[in-house]
RNA sequence: AGGCGCGUAGCUCAGUUGGUUAGAGCGCUACCUUGACAUGGUAGAGGUCGUUGGUUCGACUCCAAUCGCGCCUACCA
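In the working numbering, the protein residues as written are 22 to 978.
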């Protein structure tokens, strides 16, 4: 066994242990558990890199997984990655761009090959990083949303939904990304407020009697107008309904129609131009009015598309004549806007231009302004799927943690629109639909199946749909597809439904809701019983971390540390807006003048756990991670101390080989031993309860406080007078050694789910000595040891009370020394007044503790009426602990100290007295509360009396 | 516009059925290089719990209003 360095060095141990665990197959579910536990990893993007959100998310999952594995459950954390269609395709397209190529230059097949190459190259990146976090994922069964099995699942689901009429194809207005040339779903559109203008345009009446003014934020779409709508109750316009307008610049005539639903008379001019092919609201208006002759007799029944897939003004088809004015053809939508505005102006048809704030829809990947666009797409009819998914949450079969997220879920699910699932990109699951030359559609798992099912000859021409499915379509199947579905595998039986989904709220709609719908549909059972929704990781100021803000932290950099220059380089390279680089560099140099030190994985994990209060974003504070690195060091050094005292010593644990739980030799336990064992039992319970209820912050806090404030600050110190005392019995030493090492061993198992590495490293040294493993075996791991269970028999209130007395005694003396500027190491004589039998006994019994921890030189019990010489005073219960002033204590300082203490007690006593003097309180409050107040008052008065007497005495000197 | 959440010490945060002097870490002050640990130890300063009302014997906690901040959803052309 290597000796322990004075300072804990995570590097030396983390990667070594992870490798060992993985090699030995510890991450694969064992077959022994009687209960099962499973979490599905939210599959990271295959070309992605780890960010703080992953760090947080995976720390939580790994903590849960390790906890349940230690509880002996058959535990699976399913590993895998997502092909992330659009995102991945964009990355590779950008690479091609650097070679001055487009994907069409390569062709579909070559391009996809290229993506697979890139996946092979970069795909391991994030899994390597996940390993660095200590994630105990079952890598042996890692899945990828584009692997063969999952592709089968996707086809199966598509075909079944189609056959049930829940997938259909239709021409409708969709969110079109003119940069990516694909449709996207509503969720992939982000609207943000931007500054723009409102153009007021005059549309002349055909009867020559003036004009109507329409206000619009998109004047260029007027080329596609099919009507102007007014509110039928609007006195200004109601008499004009049915009349015609001259649509400027086009030579077309359009009607004035009445639409109460859409037109708000109060807004703008009260007249709305209707462009059904380029606006969702207008499309709805058109649907209501399409049968009116004035609308239906327009070109394309009024549904006039004016753009190309690039959102430039399109050319006319042969049979359209001059539907689109020649002048604007080929212009980008924004160029067309300028030209049209200028032309209207010239014709005196532009009334005014106002500044206007509007919501601009942009594609979440490309950032391009989304154009509502008329295309053929595939849809999932969602309402029938949403209904049971809503019920699953209402009935409690799925529980959100924190609970209030269910409201968000309901709100969305109850207003859900059909899901556009086709994408005009190449990277993804190809839609399993084939067309013949007549335009008939055949859906099936394979072309072969389609031919045989529809009795089509082998040479009958069929071509497969060019589109692929929305990435989230395959993600929605993740909880069962990864387990082997549609095959009925053992894994599927064992682990579906899974126990909990751990995720950020940002993908509740994208992913969580869709998994619930698909899970219920195809497995007849919810995909998970609980959804733990955690917050976002933000920077220390509460800002979202983003490349453009230059405030991104990489979890790996916090683990390994990074030099300033490298950090600056990392934050400023490859920027979308290079002009920000200077500012980011400056801010980075200011915040991290010395770069980032290495904190290690465990410290980072503990930080995430400690900050994981439910339903709250976490501001990542460097102070915290530093503090928890120190905590690791504390634990490490506590172990060093324990090892020094127990290695090659008799710890009274010789029963390991027989499995006998009682020591074979006599041993004595001190009050301190009983005390720490009792505290340990309570801590075990607190930690287990905290993890079960997803309060990782409470779990971390309980561990931290026990380790530092109880085990290290008190217990290790209390051991010293026993272990270093030649007069102490061997049985007493044996008892203390046993307690020392066994409490540590328990503590390590308790901490392992949050801090896997340091606990394993230390445990390997400690466990054989604690007698829980055989030192000769090197194939044991803390990972598979039982999670500590509270042993009620070891809860010892008497010992806790006794040790509270000891601690109060010691603290009292330290306080006097501290405030009197007496060196803490200076031995002082102590006198005890107002003692009872218990005090005397305790003072005698614990003399070694008191001498060692309070540095008392002598302790003398005064006779009942002897108040002793002039002294500084501390109270332990009613007993007075006196340190004689002679030569040590400054009289004035002691007077001040006493006055302060008296003041504090007095105000407390006054408050309590008032309370008790209030008859309403005494009458109405529960007896127990009143009694508590009475006791409190009595105690305070006694203490006051005691201190006042003391003060008087000193003042008389 | 609707929904959700947050305002507690200089900073980051706990405070789960209303009931001790409202806690922790970091930071700060003073002292201590004592043989596990200076990534340490001891002692200490620091908060009228956003504001205002109400319920109650009693409110950080419950209710109402209000101010400030954040997020989500839907939007007025």
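Glycine is no exception: its CB is placed at the ideal position from the N, C-alpha and C atoms.
Check: In the structure shown, what three-state DSSP assignment does residue 34 receive?
Finding: coil
Notebook entry, point to check: So, are the CB atoms of residue 399 and residue 442 less than 8 angstroms apart?
Noted result: Cβ atoms of residue 399 and residue 442: closer than 8 angstroms.
Checklist line | Three-state secondary structure (DSSP) of residue 938 | finding: helix
Item checked: Residue range of the alpha helix (DSSP H) that includes residue 236 -> That residue, residue 236, is in no alpha helix (DSSP H); its beta strand (DSSP E) goes 232-237.
Notebook entry, point to check: In its own chain, which residues sit with a C-beta less than 7 angstroms from the C-beta of residue 581, not counting the 5 before and 5 after it?
Noted result: 619
Next item on the list: Quick one: residues in its chain with C-beta nearer than 7 angstroms to the C-beta of residue 35, no 5 flanking neighbours on either side, listed in chain order?
Entry: Within the same chain, residue 35 has close Cβ partners 621, 622, 778.
Next item on the list: Please state whether DSSP places residue 445 in a helix, a strand or coil.
Entry: coil
Next item on the list: For residue 652, name the three-state secondary structure that DSSP assigns.
Entry: helix
Check: What residue does the beta strand (DSSP E) around residue 551 start on, and which one ends it?
Finding: 549-555
Note to self: Using C-beta distances below 8 angstroms, list every residue in its chain close to residue 468, excluding the 5 sequence neighbours before and after it, in chain order.
What the structure shows: 455, 483, 485
Next item on the list: Mind listing, in chain order, the continuous alpha helix (DSSP H) runs of no fewer than 4 residues lying wholly within the stretch 655-739?
Entry: 692-713, 717-725
Note to self: Suppose the cutoff is 6 angstroms on Cβ atoms and the five residues either side in sequence are ignored; what does the same chain contact list for residue 25 look like?
What the structure shows: 661
Next item on the list: Note down the Cα distance separating residue 678 from residue 795, rounded to an integer number of angstroms.
Entry: For residue 678, the predicted model reports a pLDDT of 41, less than 50, meaning its position is unreliable and no value from the coordinates is stated.
Notebook entry, point to check: Does the stretch 239-248 come close enough to the stretch 523-537 to have 3 or more Cβ pairs within less than 8 angstroms?
Noted result: In this structure the stretch 239-248 does not lie against the stretch 523-537, because fewer than three pairs of beta carbons, one per stretch, are closer than 8 angstroms.
Next item on the list: Could you pull the start and end residues of the beta strand (DSSP E) that residue 273 belongs to?
Entry: 273-279
Next item on the list: With a threshold of 16 other CB atoms inside 10 Å of the CB of residue 614, please say whether the residue is buried or exposed.
Entry: exposed
Checklist line | Residue ranges of each alpha helix (DSSP H) within the stretch 511-549, 4 or longer | finding: 511-516, 534-544
Check: Contact between the stretch 127-136 and the stretch 95-103: three or more CB pairs below 8 angstroms?
Finding: no
Notebook entry, point to check: Taking the alpha carbon of residue 593 as the point to measure from, which residue in 605, 260, 859, 585 has its own alpha carbon closest?
Noted result: 605
Checklist line | Near the ligand ADP: residue 101 beta-carbon under 7 angstroms from a heavy atom | finding: The model on display carries no ligand, and the ligand ADP is accordingly not part of it.
Checklist line | Integer Cβ distance of residue 11 from residue 830, believed to fall under 8 angstroms | finding: Any question about residue 11 goes unanswered here, given that the chain covers just 22 to 978.
Notebook entry, point to check: For the stretch 510-521 against the stretch 529-548, are there 3 or more C-beta pairs whose distance is under 8 angstroms?
Noted result: Look at the beta carbons and you see the stretch 510-521 touching the stretch 529-548: at least three pairs across the two are nearer than 8 angstroms.
Checklist line | Nearest neighbour of residue 167, chosen from 451, 391, 89, 856 [CA to CA] | finding: 451 is the residue among 451, 391, 89, 856 whose C-alpha sits nearest the C-alpha of residue 167.
Notebook entry, point to check: Should residue 499 and residue 536 be called a contact, given that it needs their Cβ atoms to be closer than 8 angstroms?
Noted result: yes
Notebook entry, point to check: residue 749: which of 300, 688, 616, 310 sits nearest, CA to CA?
Noted result: 688
Check: Which same chain residues, not among the five before or five after residue 782, have their C-beta less than 6 angstroms away from its C-beta?
Finding: 34
Margin query: Between the stretch 697-705 and the stretch 814-832, can you find at least three pairs of beta-carbon atoms closer than 8 angstroms?
Written below: yes
Note to self: Taking 8 angstroms as the threshold (C-beta atoms), are residue 663 and residue 765 in contact?
What the structure shows: yes
Check: Within 10 angstroms of its Cβ, does residue 83 collect 16 or more other Cβ (buried), or is it exposed?
Finding: Looking at its Cβ environment, which holds 16 or more other Cβ atoms inside 10 Å, residue 83 is buried.
Item checked: Per-residue burial, residue 157 [other beta carbons within 10 Å of its own, 16 or more giving buried] -> buried
Note to self: Considering only their Cβ atoms, is the gap separating residue 253 from residue 281 smaller than 8 angstroms?
What the structure shows: Cβ distance < 8 angstroms, so residue 281 and residue 253 count as in contact.
Checklist line | residue 617, DSSP secondary structure in three states | finding: strand
Check: According to DSSP, which residues form a beta bridge with residue 198?
Finding: For residue 198, the pairing in a beta bridge is given by DSSP as 203.
Note to self: residue 739 and residue 791 - do their beta-carbons sit closer together than 8 angstroms?
What the structure shows: no
Next item on the list: State buried or exposed for residue 32, treating a residue as buried only when at least 16 other CB atoms are found within 10 Å of its CB.
Entry: Exposed, by the Cβ-count rule.
Check: Is the distance from the Cβ of residue 893 to the Cβ of residue 837 below 8 angstroms?
Finding: yes
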